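Student: From first to last, the protein sequence lines stand for chains A and B. So that you can map any letter, position 60 of the first sequence is 1100 in the numbering used here, and since no number is skipped, the others follow by simple counting. So that you can map any letter, position 117 of the second sequence is 1157 in the numbering used here, and since no number is skipped, the others follow by simple counting. Backbone N, C-alpha and C fix where the C-beta goes; we use that ideal spot for every residue, glycine too. Just so you know, these numbers come straight off a predicted model, no measurement behind them.
2 protein chains.
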Amino acid sequence: MIRQTKQRQAILEVVERSHDHPTAAQVYERVQQVLPGVGYATVYRNLAALAEEGMIQEIRVGEVTQYDRRSDRHDHAVCGRCGKLVDVMVPLPSEVVQAVLEQSGFQVAGHHTEVFGLCADCR
Amino acid sequence: MIRQTKQRQAILEVVERSHDHPTAAQVYERVQQVLPGVGYATVYRNLAALAEEGMIQEIRVGEVTQYDRRSDRHDHAVCGRCGKLVDVMVPLPSEVVQAVLEQSGFQVAGHHTEVFGLCADCR
DNA sequence: AAGATAATGAAACTCGTTCTCATTTTGGAT
DNA sequence: ATCCAAAATGAGAACGAGTTTCATTATCTT
């Protein structure tokens, strides 16, 4: 049974309020402001649990995992110069999905696209 | 100046001969067969160097980095059940790229799509 | 062959993340 | 309201991929 705890709520609120894509360490820091004393393990455990429940989303960019409040499917654009990460939509046309099936035999259940380039500021 | 060493050659050959997508640890093991005594550091250093030169390709899947002999652009399909990773092509239609530009202001230089689902064997 | 310097191997070290375990909280049953 | 089993917590140890350090070795240029 999944229980309601102050830590869990605080962690969820922090992610939901964040308008960037915080890493676990950043979530940890922000949670400290609200609820000092929360341990790293708790933050990691809850981020993983919340992601599993679909309340938040995990994104792996390079060597760190970042968390995202959005729960709807979306993709990411990463700036090659400043590293900024922004949400974008990259819909895959059904003929592309069909082509993947033909190439690989995979029954496609989901997809995620990472686009790289230069953000508006870095251009 | 970049020097030619037996280790470097062995590492490149191992990746080129591999028809799966070996992790650094797997490359290490396979190199041992050919050239015992090679250190982890050497494997990592050379994989990174070869990737930088564009001789091989680095793919980050979850928490490990895998290496791929293919040097042309391509995408990946990951099986959610057995973890198998296969190469596929997911071309992005120009109108999709255009839409990303409009959404984000990004000048798109490249992209990589990960498709998840069930492979032919796991279906 | 000689010298400059790039590459190597071993081991120590990062750093993000997970595990362990004793203690505290939670929520349903009484 | 109280009790209790199970779930969650916090502290710190442990883990694992990858990187750094540094003394030694190998490679190129002359």
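1. Measuring only between beta-carbons, confirm whether Val1104 (chain A) sits less than 8 Å from chain B.
2. Could you give the distance in angstroms between the alpha-carbon of Cys1122 (chain A) and the alpha-carbon of Val1148 (chain B)?
3. When you compare the CB positions of Val1140 (chain B) and Val1128 (chain A), do they come within less than 8 Å of one another, or not?
4. What number of angstroms, rounded off, separates the C-alpha of Thr1045 (chain B) from the C-alpha of His1151 (chain A)?
5. Are Val1101 (chain B) and Ile1051 (chain B) touching if we call contact CB-CB under 8 Å?
6. Taking C-beta pairs closer than 7 Å, name the residues in chain B that Ala1117 (chain A) reaches, listed in chain order.
7. Strictly below 9 Å CB to CB, what residues from chain A border Ala1160 (chain B)?
8. Over what stretch of residues does the alpha helix (DSSP H) that includes Ile1051 (chain B) continue unbroken?
9. Run through DSSP, which three-state label would Arg1070 (chain B) get?
10. Which residues in chain B have a C-beta closer than 7 Å to the C-beta of Arg1163 (chain A)? List them in chain order.
11. Hey, could you find the ends of the beta strand (DSSP E) Thr1082 (chain A) is sitting in?
12. Between Gln1106 (chain B) and His1059 (chain B), is the Cβ-Cβ spacing less than 8 Å?
13. How about Phe1146 (chain B) and Val1155 (chain A): do their beta carbons lie closer than 8 Å?
14. Does the beta carbon of Thr1082 (chain A) come closer than 8 Å to any beta carbon on chain B?
15. Starting from the C-beta of Leu1158 (chain A), find all residues in its chain whose C-beta is less than 8 Å away, skip the five residues before and the five after it, and write them out in chain order.
16. So, does the CB of Gly1094 (chain A) fall closer than 8 Å to a CB anywhere in chain B?
17. Keeping to the same chain, check which residues put their C-beta closer than 6 Å to that of His1116 (chain A); ignore five residues upstream and five downstream.
18. Following the continuous alpha helix (DSSP H) through Leu1125 (chain B), name the residue where it begins and the one where it ends.
19. Is Leu1132 (chain B) helix, strand or coil when you go by DSSP?
20. Anyone know if the C-beta pair for Val1078 (chain A) and Gln1049 (chain A) falls short of 8 Å?
21. Would you mind stating whether Ala1065 (chain B) and Leu1087 (chain B) have Cβ atoms separated by less than 8 Å?
Tutor: In short, the structure shows the following:
1. Taking the first residue of the first sequence as position 1, residue 1104 (chain A) is located at position 64. Taking 8 Å as the CB threshold, Val1104 (chain A) stays off the interface with chain B.
2. Position 82 of the first sequence, counting from 1, holds the residue named residue 1122 (chain A). Position 108 of the second sequence, counting from 1, holds the residue named residue 1148 (chain B). Cα to Cα, the separation comes out at about 15 Å.
3. Here residue 1140 (chain B) corresponds to residue number 100 of the second sequence, with the count starting at 1. Here residue 1128 (chain A) corresponds to residue number 88 of the first sequence, with the count starting at 1. Taking 8 Å as the Cβ cut-off, Val1140 (chain B) and Val1128 (chain A) qualify as a contacting pair.
4. For the purposes of this step, residue 1045 (chain B) is taken as the residue at position 5 of the second sequence. For the purposes of this step, residue 1151 (chain A) is taken as the residue at position 111 of the first sequence. Taking the straight line from one Cα to the other gives about 40 Å.
5. Residue numbering aside, residue 1101 (chain B) sits at position 61 when the second sequence is read from its first letter. Residue numbering aside, residue 1051 (chain B) sits at position 11 when the second sequence is read from its first letter. No. Outside cutoff.
6. Counting from one through the first sequence, the residue named residue 1117 (chain A) turns up at place 77. Under the 7 Å cutoff, chain B gives Val1140, Ser1144 and Phe1146.
7. Mapped onto the second sequence, residue 1160 (chain B) falls at position 120. Result: Ser1144, Gly1145, Phe1146 and Gln1147.
8. As a working note, residue 1051 (chain B) is residue 11 in the second sequence. In the DSSP annotation of this structure, the continuous segment of the alpha helix (DSSP H) that includes Ile1051 (chain B) starts and ends at Lys1046 to Arg1057.
9. Here residue 1070 (chain B) refers to the residue found at position 30 of the second sequence. Arg1070 (chain B): helix per DSSP, three-state reduction.
10. The residue given as residue 1163 (chain A) occupies position 123 in the first sequence. Residues of chain B passing the Cβ test: Gln1147.
11. Start at 1 with the first residue of the first sequence, and residue 1082 (chain A) comes out as number 42. Segment Tyr1080 to Glu1093 is the alpha helix (DSSP H) holding Thr1082 (chain A); no beta strand (DSSP E) there.
12. As a first step, residue 1106 (chain B) is located in the second sequence; it is residue number 66 there, counting from the start. As a first step, residue 1059 (chain B) is located in the second sequence; it is residue number 19 there, counting from the start. No, these two residues do not count as a Cβ contact at 8 Å.
13. Along the second sequence, read from residue 1 onward, the residue named residue 1146 (chain B) stands at position 106. Along the first sequence, read from residue 1 onward, the residue named residue 1155 (chain A) stands at position 115. Yes, Cβ-Cβ distance for Phe1146 (chain B) and Val1155 (chain A) is below 8 Å.
14. The residue you call residue 1082 (chain A) lines up with position 42 of the first sequence. Not an interface residue.
15. For the purposes of this step, residue 1158 (chain A) is taken as the residue at position 118 of the first sequence. Same-chain partners within the cutoff: Cys1119, Gly1120 and Arg1121.
16. Numbered from its first residue, the first sequence carries residue 1094 (chain A) at position 54. Not an interface residue.
17. The residue labelled residue 1116 (chain A) in the question sits at position 76 within the first sequence. Contacts found: Leu1125 and Glu1154.
18. As a working note, residue 1125 (chain B) is residue 85 in the second sequence. That residue, Leu1125 (chain B), is in no alpha helix (DSSP H); its beta strand (DSSP E) goes Leu1125 to Val1128.
19. Residue mapping note: residue 1132 (chain B) aligns to position 92 of the second sequence, counting from 1. In the structure shown, Leu1132 (chain B) sits in coil (DSSP, three-state: anything other than H, G, I, E or B).
20. The residue you call residue 1078 (chain A) lines up with position 38 of the first sequence. The residue you call residue 1049 (chain A) lines up with position 9 of the first sequence. Cβ distance not < 8 Å, so Val1078 (chain A) and Gln1049 (chain A) don't count as in contact.
21. What you label residue 1065 (chain B) is simply residue 25 of the second sequence in a count that begins at 1. What you label residue 1087 (chain B) is simply residue 47 of the second sequence in a count that begins at 1. No, these two residues do not count as a Cβ contact at 8 Å.
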